[in-house]
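Colleague: Residues in the sequence shown are numbered from 40 upward in steps of one, following this note's numbering. Have a look at this one before I ask anything.
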Amino acid sequence: MTKIYIGTAGWTIPSFLKSAFPIEGTHLERYAQVFNAVEINSSFYREHRADTYRRWADSVPEDFRFSVKLAREFIHEARLRETGPALSASLDAISALGKKWGALLVQLPPSLMFDAKVAENFLTALKESTPRNVRIFWEPRHLSWAWAEAEHFFARHDFPRIWADPEPCPHRDAPESAVRYDRWHGSPKIYRSNYEADFLKEQANRLRSRTNENWCIFDNTTFGCATRNALELRALLEMPNQYEATGHHEILMRTEFPANPAERLM
């Protein structure tokens, strides 16, 4: 089994699962003792300074990896047409993560149609300012990105697409890239729903057969479900025959969600 990165969007630790994490340290330090990856979503809404990224990198183990969501000003506002100094400056700041920066996530707005020239120019600019060890993933959400021309674009540039659930832009017939990135937003209610055991077991079985790197990010964070699901998936991969045994996994199996969903993050 190859390298598998498991984590959540952000490193919030829900109170109903706090016993699954170390007591000492910042939220990120505690989180990074349990998971080996995290997706930084706050970077989409506001730029962070290089010092901030450097501090985060210093807070986690050597084998921990960050995925960073590219700022919306380049995607939703400039719609991939900003390829100048502002983009370079943003990526330079993120580079302060050093070797712990593993992935760059480009989530497109649902209204953005595929334009080969625009996409190619933006990809070129990204590659010029992104370290070679960082994989760039796109999450398109307009159906035009599932057309044959777009699929050829992804294949030609070895530019992997996000495998999302729910899938806003189906591409299940497309060949799977060497490195895969799964973003699980929650289903049937996006960001809110918990994934049941059957889904997690299916993913664990698929991951065991993988021969290449796979990112597994749970984004169903509204009520803390992402953390629970990430812990469960890790347990299924590491201890499939002891899923209800002691340690973090016993906490998962014994813990019931609070009756009031709002209490889950208190």
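We put the CB at the ideal spot given by N, CA and C, even for glycine. Since the model is a prediction, treat every value here as computed from it, not as a measurement.
#1: Looking at the secondary structure, which residues open and close the beta strand (DSSP E) in which VAL145 lies?
#2: Would you report the Cα separation of MET292 and ASN268, rounded to the nearest angstrom?
#3: Between the region 111-130 and the region 52-64, do at least 3 Cβ pairs fall closer than 8 Å?
#4: The alpha helix (DSSP H) with ASN268 in it runs from where to where?
#5: If we count Cβ pairs, one from each stretch, closer than 8 Å, do we get three or more for the region 232-241 versus the region 187-197?
#6: Between the beta-carbon of ARG249 and the beta-carbon of THR51, is there less than 8 Å?
#7: Would you kindly report the start and end of the unbroken beta strand (DSSP E) that includes ARG174?
#8: Between LEU109 and LEU144, how many whole angstroms is the CB-CB distance? I'm expecting something under 8 Å.
#9: Straight-line CA distance for PHE161 to ALA185?
#10: What three-state label does DSSP hand ARG247 in the structure shown?
#11: Going straight from the alpha carbon of ALA59 to that of THR122, what length do you get?
#12: If you draw a straight line from the C-alpha of PRO279 to the C-alpha of THR163, how long is it?
#13: Tell me where the alpha helix (DSSP H) around VAL157 begins and ends.
#14: Would you report the Cα separation of PHE176 and PHE55, rounded to the nearest angstrom?
#15: Whose C-alpha, out of TRP95, PHE257 and LYS139, is nearest the C-alpha of SER226?
#16: Please report the straight-line C-alpha distance between ILE290 and ALA274, rounded to a whole angstrom.
#17: What did DSSP end up calling ILE52 once you bin it into helix, strand or coil?
#18: Can you name, in chain order, every residue of its own chain whose Cβ lies under 6 Å from the Cβ of ILE201, other than the five neighbours on each side?
#19: Hey, would you say GLY46 sits closer than 8 Å to ASN75, going by beta carbons?
#20: Can you give me the Cβ contacts of PRO149 inside the same chain, cut-off strictly under 8 Å, excluding the 5 residues immediately before and after it?
#21: Is it buried or exposed, ILE43, if we count other Cβ atoms within 10 angstroms and call 16 or more buried?
#22: Just tell me which of ASN244, PHE192, ASP204 and TRP254 has its CA closest to the CA of ALA217.
#23: By alpha-carbon positions, which one of ALA187, ARG171 and GLN146 ends up nearest to LYS139?
Modeller: Inspection of the coordinates gives the following:
#1: For VAL145, the uninterrupted beta strand (DSSP E) segment begins and ends at 140-146.
#2: Note that MET292 scores 44 on pLDDT, short of 50, meaning its location in the model is unreliable; the coordinates nonetheless yield the value given after this. Counting only the Cα atoms, ASN268 lies some 11 Å from MET292.
#3: The region 111-130 makes no contact with the region 52-64, as fewer than three CB pairs between them are under 8 Å.
#4: In the DSSP annotation of this structure, the continuous segment of the alpha helix (DSSP H) that includes ASN268 starts and ends at 264-277.
#5: Note that the region 232-241 does not touch the region 187-197; fewer than 3 beta-carbon pairs, one per stretch, sit closer than 8 Å.
#6: Result no, Cβ atoms of ARG249 and THR51 do not sit closer than 8 Å.
#7: Unbroken beta strand (DSSP E) run through ARG174: 174-178.
#8: Confirmed, about 7 Å.
#9: Taking the Cα positions, PHE161 is about 19 Å away from ALA185.
#10: Collapsing the DSSP output to three states places ARG247 in a helix.
#11: Answer to the nearest angstrom: the Cα atoms are 43 Å apart.
#12: Their Cα atoms are separated by approximately 43 Å.
#13: Annotation: the continuous alpha helix (DSSP H) that includes VAL157 extends over 155-168.
#14: CA-to-CA, the gap between PHE176 and PHE55 works out to about 32 Å.
#15: It is PHE257 whose Cα lies nearest to the Cα of SER226.
#16: In this prediction, ILE290 scores a pLDDT of 44, lower than 50, which makes its location untrustworthy; the coordinate-derived value is nonetheless stated afterwards. The straight-line gap from Cα to Cα measures roughly 11 Å.
#17: ILE52 sits in coil when the DSSP states are folded into three classes, being neither helix nor strand.
#18: Result list for ILE201: PHE176, GLU178, TYR220 and ARG222, in chain order.
#19: Going by C-beta atoms, GLY46 is nearer than 8 Å to ASN75.
#20: Contacts found: ARG180, HIS181 and PRO207.
#21: Buried, since its Cβ has 16 or more Cβ neighbours within 10 Å.
#22: The residue from ASN244, PHE192, ASP204 and TRP254 with its alpha-carbon nearest to that of ALA217 is TRP254.
#23: Nearest neighbour of LYS139 by Cα position, chosen from ALA187, ARG171 and GLN146, turns out to be ARG171.
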